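Here is the structure we will look at.
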Amino acid sequence: MGQMLVDGQRIEFSDEKNILQVIRKAGIELPTFCYHSELSIYGACRMCVVEDKWGGISASCSTPPKNGMEVYTNTPKLQKHRKMILELLLSAHDRDCTSCEKNGRCKLQELAIRFGIKNIRFGEREENLPIDDSSCAIVRNPNKCIMCGDCVRMCEEVQGIGALGFAYRGSNIQVVPAFKKKLKDVDCVNCGQCRTVCPTGALIIRNDTAKVWKDLNNKKKRVVAQIAPAVRVSIGEEFGMAPGEITIGKIAAALRKLGFDEVYDTGIAADLTVIEESKEFIERLEKGERLPLFTSCCPGWVRYAELKFPELKDNISTCRSPQQMFGAVIKEHYKKSDAEDGRETISVAIMPCTAKKYEAGREEYSNNGVKDVDVVITTQELCLMIKQAGIMFGRLEEEALDMPFGLASGAGIIFGVSGGVSEAVLRRCYSQKTSSTLKEISFVGVRGMDGIKETVVNINGKEIKMAIVSGLKNAGELIKAIQKGEKNYDFVEVMACPGGCIAGAGQPLPSSKSVTRQRAGGIYKADSSSQIKRSEENPMVIALYNGLLKGKHGLLHNHCACNSHSN
Ligand code: HC0
Ligand code: SF4
1 MGQMLVDGQR IEFSDEKNIL QVIRKAGIEL PTFCYHSELS IYGACRMCVV EDKWGGISAS
61 CSTPPKNGME VYTNTPKLQK HRKMILELLL SAHDRDCTSC EKNGRCKLQE LAIRFGIKNI
121 RFGEREENLP IDDSSCAIVR NPNKCIMCGD CVRMCEEVQG IGALGFAYRG SNIQVVPAFK
181 KKLKDVDCVN CGQCRTVCPT GALIIRNDTA KVWKDLNNKK KRVVAQIAPA VRVSIGEEFG
241 MAPGEITIGK IAAALRKLGF DEVYDTGIAA DLTVIEESKE FIERLEKGER LPLFTSCCPG
301 WVRYAELKFP ELKDNISTCR SPQQMFGAVI KEHYKKSDAE DGRETISVAI MPCTAKKYEA
361 GREEYSNNGV KDVDVVITTQ ELCLMIKQAG IMFGRLEEEA LDMPFGLASG AGIIFGVSGG
421 VSEAVLRRCY SQKTSSTLKE ISFVGVRGMD GIKETVVNIN GKEIKMAIVS GLKNAGELIK
481 AIQKGEKNYD FVEVMACPGG CIAGAGQPLP SSKSVTRQRA GGIYKADSSS QIKRSEENPM
541 VIALYNGLLK GKHGLLHNHC ACNSHSN
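Rendered as structure tokens:
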């Protein structure tokens, strides 16, 4: 515990690691491009500088607080310093702000306005570097990069991948994918987390809305939407609503106004996943083989495992992700009517995730060139479409989803948060089906935002060890501990994004740190108010197993060694 003076105000500190945190405690918003509390300190942008009582200047993010310290945050010297940095950044920056995707949300633009930058005294940038749009998920525009290194640290420190790095020196310095290759040719898993910290338009989500508009305007196409669990608790933020507010009814109304023919819930396919994955898990437990079972619904994680731990191939569940189960089921469902009425069904997935774009394009999810999921758009892209159409989202009357694929159990909905898949599988595996069992399950340690959660549960007399991981670096560390024999589990849930899909890179950019928790609260609230809590009790799922899926369980699985899914 200590005290320091910030602009003459006495502020106490205890576990603050740097004076930037103490200054924020004083209610002063110091500008910074490269400071993120979850990443290491880089101290490169120097916007957060402070002046001491002797006129010395230092970066507040990399200076630890000391008792009796006295700093000033807004002196003429600091104002001049910050303006100079902004002018230098702007002079090297592609300034086509009006057509930039980040217009209105760009940190550089925001600070240039805040510091009243009108003229840039330095010369214009000379060359235009090529835009890298090779990735199916992320577009990289080096002309808008300000070298803060946030993306590099995110990819390395949170995701444990290191797909991005610095190349060249001095004024030629650039952030580039490893070995200066294109993004699609390096170990990028398309998680998009680099893009969540990029302050400018240097990293943006690939925009696939044009494809959707084209199909919506074609009468010969039956355009069918599936809505992922996490979208319903975040989309409202873009329209002034609170994070966590459940807006599934408004999403349905908006999609119909946009011209979608049918509007369904990915959560029903999550219910199918619960049933298939639980069966697979119990079988493996009985045989004592291919354990731990790793979940397979997060495409960023699956790609990471393929690249970094290919030896785990047989441990990963053979279940397709809910997105891909839904795609396969929907194409099967409309096969006959498409042939009869001469229409083609286009399946559009609305996801919080950029890696879902990659997943839908994987070879195994196409049949003779026809994809199970034709287009994936993120929550943000849907917001854009809603705005383009002039729909006032907040004012929409709530509408119900369509049947037969518009009903998900609470278990299917909680997939959207880290720990949700595990909780849903436990609900299925426990033979006791009382409401107190449900409560018990929610308290065993599956909930919460920790990057690694561990729990031991007793399923029908057998002790089961589970781990729930989010963030790929955490996943890598856990796998290494398993491989060294230091850890032992039966079931491991992995989600690439810290906190799970609610924090996917395709979601609206969170306005504060508490947003992920609020979204999680919304997901659990949707579960609490759901009349059906368990996947196997969803009448639409039961009807599917008794109808369309009879003899066709293969639609729900990737190839696997056991061959037990043909019926
Ligand atoms: Fe997720 Fe999913 S829960 S990955 O986070 O499993 O994107 O929301 O749609 O597929 O259901 C994302 C969210 C999904 C899938 C489901 C799973
Ligand atoms: Fe790294 Fe994910 Fe960004 Fe790819 S999308 S560069 S893996 S953070």
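What the sequence shown shows, in my numbering, is residues 1 to 567, in sequence order. Don't be surprised by glycine CBs; every beta carbon is placed ideally from N, CA and C. Note that the structure is a prediction, hence the values are computed from the model and not measured.
Apart from the five residues just before and just after residue i, which ones in its own chain have a Cβ nearer than 7 Å to its Cβ?
i, result
"E398", "G249, K250 and A253"
"I120", "E87, L90 and S91"
"C48", "L20, L30, P31, T32, Y35, A59, S60 and C61"
"T209", "I377, E381, L384 and M385"
"S431", "N460"
With distances taken from CA atoms, which of the options is nearest residue i?
i, options, result
"E237", "L549, I459, M351 and V515", "V515"
"D490", "G476, E463, H93 and G504", "E463"
"I138", "G162, C188 and C145", "C188"
"G55", "V329, P498 and Y72", "Y72"
"V274", "V370, R428, D261 and F179", "R428"
"I204", "I131, E156, Q174 and K257", "I131"
"G361", "L258, R303 and Y524", "R303"
"G170", "K371, C194, M147 and S40", "M147"
"V421", "E306, K336, A305 and T295", "T295"
"L401", "Q483, E280, I268 and R284", "I268"
"G499", "K257, I479 and I452", "I452"
"L5", "E51, I414 and E38", "E51"
"E536", "S409, S528 and N458", "S409"
Taking DSSP as the reference, what is the three-state secondary structure of residue i?
i, result
"Y304", "helix"
"G547", "coil"
"C298", "coil"
"M351", "strand"
"M69", "coil"
"L203", "strand"
"Q380", "helix"
"H553", "helix"
"R642", "Only positions 1 to 567 of the chain appear in the structure, and residue 642 is not among them; the question remains open."
"L293", "strand"
"M385", "helix"
"D52", "strand"
"F13", "strand"
"T196", "helix"
"E311", "helix"
"H559", "coil"
"E398", "coil"
"Q3", "strand"
"T209", "helix"
"V22", "helix"
"F491", "strand"
"C429", "helix"
"E38", "coil"
"V541", "helix"
In angstroms with no decimal places, state the Cα-to-Cα distance between residue i and residue j.
i, j, result
"Q79", "P510", "28 Å"
"V373", "A228", "13 Å"
"G27", "R517", "23 Å"
"G412", "A270", "5 Å"
"K473", "L164", "15 Å"
"Q109", "K118", "12 Å"
"R140", "A202", "6 Å"
"S436", "K533", "12 Å"
"L307", "N558", "18 Å"
"R104", "C353", "According to the sequence displayed, residue 104 carries Gly and not Arg. For G104 and C353, the distance between alpha carbons rounds to 22 Å."
"N217", "I246", "29 Å"
"M351", "G522", "17 Å"
"A339", "Y264", "22 Å"
"Q507", "G445", "26 Å"
"R290", "F309", "15 Å"
"M449", "E493", "14 Å"
"A475", "K211", "35 Å"
"P142", "G419", "37 Å"
In chain order, what residues of the same chain lie with their CB nearer than 6 Å to the CB of residue i, ignoring the 5 residues before and after it?
i, result
"N563", "With a pLDDT of only 43 at N563, under the threshold of 50, the placement of this residue in the model should not be trusted, and no figure is reported."
"K184", "S134 and S135"
"E454", "A467"
"R343", "K220 and R222"
"E359", "P299"
"H565", "Reliability of the predicted coordinates at H565 is poor, the pLDDT of 43 falling under 50, and the value obtained from them is presented with this limitation in mind. Once the five neighbours on either side are set aside, the close Cβ partners of H565 are H553, G554 and H557."
Excluding the 5 residues flanking residue i on each side, which residues of the same chain have their C-beta closer than 8 Å to its C-beta?
i, result
"I346", "D215, K221, R222, V223, V224, D374 and V375"
"S366", "D372"
"R256", "V263 and E399"
*Which whole runs of the alpha helix (DSSP H) in the stretch 435–470 are 4 residues long or more, in chain order?*
435–442
*Whole runs of the alpha helix (DSSP H) within the stretch 232–287, excluding any shorter than 4 residues*: 248–258 and 266–287
*Tell me the start and end of each unbroken alpha helix (DSSP H) in the stretch 122–194 that is at least 4 residues and wholly inside, in chain order.*
150–153
*What residue ranges within the stretch 501–530 form continuous alpha helix (DSSP H) runs of no fewer than 4 residues, ordered along the chain?*
515–528
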